[in-house]
Amino acid sequence: MPQATGQSPFHLSWLERSRSPIGKKLLTGITGLPLAGFVGVHMLGNLLLLVSPAAFNDYGNSLETTFKPLVWGVELGLGVAIALHAALGIQIYIAKRKARPIAYASYKSVNQVRGQAEQTGNQSGNQTGNQTDDRAIAPHSFQTLSSRTMIGTGITLAAFIVWHLVTFKLGSRYEIVTDGHAQRDLARLVIETFQQPFYTFSYLGLMALLGLHLRHGLWSALQSLGALGKGMQAVAFGASLLGAGAIAAGFGVLPIAIFCGWIR
């Protein structure tokens, strides 16, 4: 009996798997998860300013002194993860564009398409009707807004990271004396920055884009990692929506509080 010459995907080398479309999606999810984790921790650190400027400054000072070696390692790892995540995302986007150079005529949710399929199937009641229904569904994408805008939100957020670092990490280094020791008054810089309408509203808009990017990113990561078993799709979708919404809202609380004069 002749032997098949093709090689099963399960027997491909790690390098070959990583170069495949599925492998790239898997790596995108793997590199995105630590970024999502960091964003969540960063958001919680920001909320310390709601407790008091002193608590926020103590937190920032501990990162610059006690935990400085750890911070350097985390920054290096995040830099590598961002570079890989961005490169893979761009490769996936280009591959999709090559596979479908003509944009979808319209976008429909999965529930809309399923509803149309059931209605058409009930009306026809035969195999011919089902085939017609398949042809009617084919031109439409089942994507959501967040999935369709991943490349745009990703590029925008990458530019925001640079702006954010220039504003805060490399921004004015005010000092305050606490217990006889001088430390950076980062709280003052944050408060002064979010008292400016342009930065505040730009930041809030960008956090909305972050929420969109995270919503699909978390869902896609769970899907690529094989964490979505039967009956888990709805739970995972809800969890990704809730997590992304909580992070985006958490980042929005501080600038709103400062701009409204609740924190001075």
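Residues in the sequence shown are numbered from 815 upward in steps of one, following this note's numbering. Built from N, CA and C at the ideal position, the CB exists for glycine as well.
Using three-state DSSP, classify Tyr992 as helix, strand or coil.
Taking the sequence shown and counting its residues from 1, one reaches residue 992 at position 178. The sequence given here places Thr at residue 992; Tyr does not occur at that position. Of the three classes helix, strand and coil, the one that applies to Thr992 here is strand, per DSSP.
Determine whether the beta carbon atoms of Leu1003 and Gly985 lie at a separation below 8 Å.
As a first step, residue 1003 must be located in the sequence shown, where it is residue number 189. As a first step, residue 985 must be located in the sequence shown, where it is residue number 171. Result yes, Cβ atoms of Leu1003 and Gly985 sit closer than 8 Å.
Going by DSSP, name the residue or residues bridged to Gln997.
As a working mapping, residue 997 is identified with position 183 in the sequence shown. According to DSSP, Gln997 bridges with Ile990.
Helix, strand or coil, according to DSSP, for Trp886 in the structure here?
The count along the sequence shown starts at 1 and reaches residue 886 at position 72. The answer is helix: DSSP assigns Trp886 an H, G or I state.
When DSSP labels each residue in this structure, what does Gln1010 get in the three-state scheme?
Position 196 of the sequence shown holds residue 1010. If DSSP states are grouped into helix, strand and coil, Gln1010 belongs with coil.
Which residue wins for smallest C-alpha separation from Glu1006, given the options Met1021, Leu1068, Gln1037?
For the purposes of this step, residue 1006 is taken as residue 192 along the sequence shown, with counting starting at 1. Here the closest residue by C-alpha is Leu1068.
Give the straight-line distance between the Cα atoms of Phe1051 and Leu959, rounded to the nearest whole angstrom.
The residue given as residue 1051 occupies position 237 in the sequence shown. The residue given as residue 959 occupies position 145 in the sequence shown. Using only the alpha carbons, I get a separation of about 14 Å.
For Leu1026 and Ala1035, I'd like the C-alpha separation in whole angstroms.
Position 212 of the sequence shown, counting from 1, holds the residue named residue 1026. Position 221 of the sequence shown, counting from 1, holds the residue named residue 1035. Cα-Cα distance, rounded: 14 Å.
Rounding to the nearest angstrom, what Cα-Cα distance links His856 and Gly1064 in this structure?
As a position in the sequence shown, residue 856 is number 42, starting the count at 1. As a position in the sequence shown, residue 1064 is number 250, starting the count at 1. Roughly 10 Å separates the two Cα atoms.
Could you tell me how far apart the beta carbons of Leu902 and Thr842 are, in whole angstroms, since I believe they sit closer than 8 Å?
Locating residue 902 in the sequence shown gives position 88, where the first residue counts as 1. Locating residue 842 in the sequence shown gives position 28, where the first residue counts as 1. Between Thr842 and Leu902 the Cβ distance is about 4 Å, and since that is below 8 Å, they are a contact.
CA-CA distance, Gly876 and Lys882?
Residue numbering aside, residue 876 sits at position 62 when the sequence shown is read from its first letter. Residue numbering aside, residue 882 sits at position 68 when the sequence shown is read from its first letter. Per the sequence presented here, residue 876 reads as Ser, with Gly not at that position. Looking at the two C-alpha atoms, the distance is approximately 8 Å.
For the segment 995–1002 against the segment 855–875, are there 3 or more C-beta pairs whose distance is under 8 Å?
Segments in contact, yes.
As a quick exercise: from Ile844, Gly1057, His1030, pick the residue whose alpha carbon is nearest that of Ala895.
Looking up residue 895 in the sequence shown gives position 81. The candidate whose alpha carbon is nearest that of Ala895 is Ile844.
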